[in-house]
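Following: one structure in structure tokens, then a few remarks.
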Amino acid sequence: MNIENAYHDATPDPDDGIGKEKYTPFDGICLTDTFQLSESDNIFSEKFPQNSERAMAQKQAPLRVIIGNPPYSVGQKSANDNAQNQAYPKLDGRIASTYAKETEATNKNSLYDSYIKAFRWSSDRLDKDGGGIIAFVSNGAWIDGNAMNGFRKCIEKEFTSVYIFNLRGNQRTSGELSRKEGGKIFGSGSRTPIAITFLVKNPTAKNEKAQLFYHDIGDYHNREEKLDIIKKFGSVGNAGMNWDVLTPDKNGDWLNKRDNVFDELIPIGDKDDKKGASSYFVPFYSNGLKTQRDVWCYNSSKET
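Residue numbers (my numbering): 1 to 304.
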């Protein structure tokens, strides 16, 4: 809509007839819940027939380029918030059978963050025969998050090449590490790291796994410096970006690779072996007291 409005404003007097012949409205704008488009074949609404017709036409069209700044929210912080993300059973099922299936983490909640859903939706939506490009400005925690190794493994399998421009800015850190992370790209409203990601799918490519290209924006840059660096680069084709080629390990780690020496140690317990055949200690597993309302249910203060 922003693009259409800018085009409208740039046309000389399109509304008084003088410049009307120079202005052709774009008939592809759809006001819709993007994720909901893949949930059902029947998306027609009698209240908004024209919009529904556009959405249905979009569903039938082969998409070769998907660009976005997907929202990122893993859900409510507390059960008291009553602000859970909307459920998309079909899309969530695709995440469960791909990203979640491939990950080794016990807590997989972050894989259902809305920005991860955007990656899953767009990966499935790209033209099956012609391939294409996904270009996202998103939360960058997936690059080295422990629970995201299954996501990274799937990205390797599903695409031909991946370009990641890490803009840093993770303010969930502290001290010297926080200063290294630098300014927040989206200002005070963002505490997460941000990354520009290009996923390229070329059906004619012969490589079994994606080639991974990575560029880190560097330490100690404030927000304005980061934006200036992005502007000067201008394109992933700029030779000055000096892309590092990443080599993933068997665990799906791309940057901070775990030390495999732990595989040789005696396991305290194994959730896949509850009878304890390969465990040194008696295998008890529990989340302990987990109320989701901790500050209401218990407190260290006798008076409270």
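Glycine included, C-beta positions come from ideal geometry on N, C-alpha and C. All of these numbers come straight from a predicted model, not from anything done at the bench.
Ranked by Cα distance from Pro70, the options Asn139, Glu176, Lys257 and Pro193 are led by Asn139.
Taking the C-beta atoms as reference points, Ile185 is found no nearer than 9 Å to Ile164. Collapsing the DSSP output to three states places Asp92 in a helix. For a cut-off of 8 Å, the C-beta gap from Tyr115 to Cys154 is around 15 Å, too long to register as a contact. In the three-state reduction of the DSSP assignment, Arg168 falls in the strand class, which pools E and B. Judged by DSSP secondary structure, Phe119 falls within the alpha helix (DSSP H) whose first and last residues are Ser114 to Arg125. Our two residues, Ser286 and Asp272, have alpha carbons roughly 14 Å apart in a direct line. The criterion of a C-beta distance shorter than 9 Å is satisfied by Ser122 and Gly68.
For Leu255, there is no enclosing alpha helix (DSSP H), as DSSP gives it neither H nor E. When DSSP states are grouped into helix, strand and coil, His221 belongs to the coil group. Residue nearest to Ser73 within the set Lys59, Leu111 and Glu39 is Leu111 (criterion: CA-CA distance). Taken atom to atom, the span from the alpha-carbon of Lys290 to that of Glu39 is near 33 Å. Between Thr192 and Lys226, the alpha-carbon positions lie close to 15 Å from each other. A distance below 7 Å between beta-carbons, with the five flanking residues on each side excluded, links Lys108 to the following residues of its chain, in chain order: Ala100 and Ala147. Of all C-beta pairs linking the stretch 170-182 to the stretch 217-226, three or more are shorter than 8 Å, placing the two stretches in contact.
Separation of the CB atoms of Ile268 and Leu199 is rounded to 38 Å, and the pair is thereby denied contact status at 8 Å. With 16 or more other Cβ atoms from the protein chains shown falling within 10 Å of its own Cβ, Lys117 counts as buried. Runs of the alpha helix (DSSP H) lying entirely within the stretch 174-237, each at least 4 residues long, are 175-181 and 223-233 in chain order. Within 10 angstroms of the beta-carbon of Asn166 lie 16 or more other beta-carbons, which makes it buried. Rounded to the nearest angstrom, the Cβ distance from His215 to Asn242 is 7 Å, consistent with a contact under 8 Å. Per DSSP, reduced to three states, the secondary structure at Ile266 is coil, with no helix or strand assignment.
Exclusion of the five residues before and after Ala141 leaves Ser110, Met148, Asn170, Thr192 and Pro193 as the residues of its chain whose Cβ lies within less than 8 Å of its Cβ. Sixteen is the threshold: since fewer than 16 other Cβ atoms of the shown chains lie within 10 Å of the Cβ of Tyr298, the residue is exposed. In this structure, DSSP gives Tyr163 an extended state, which the three-state scheme calls strand.
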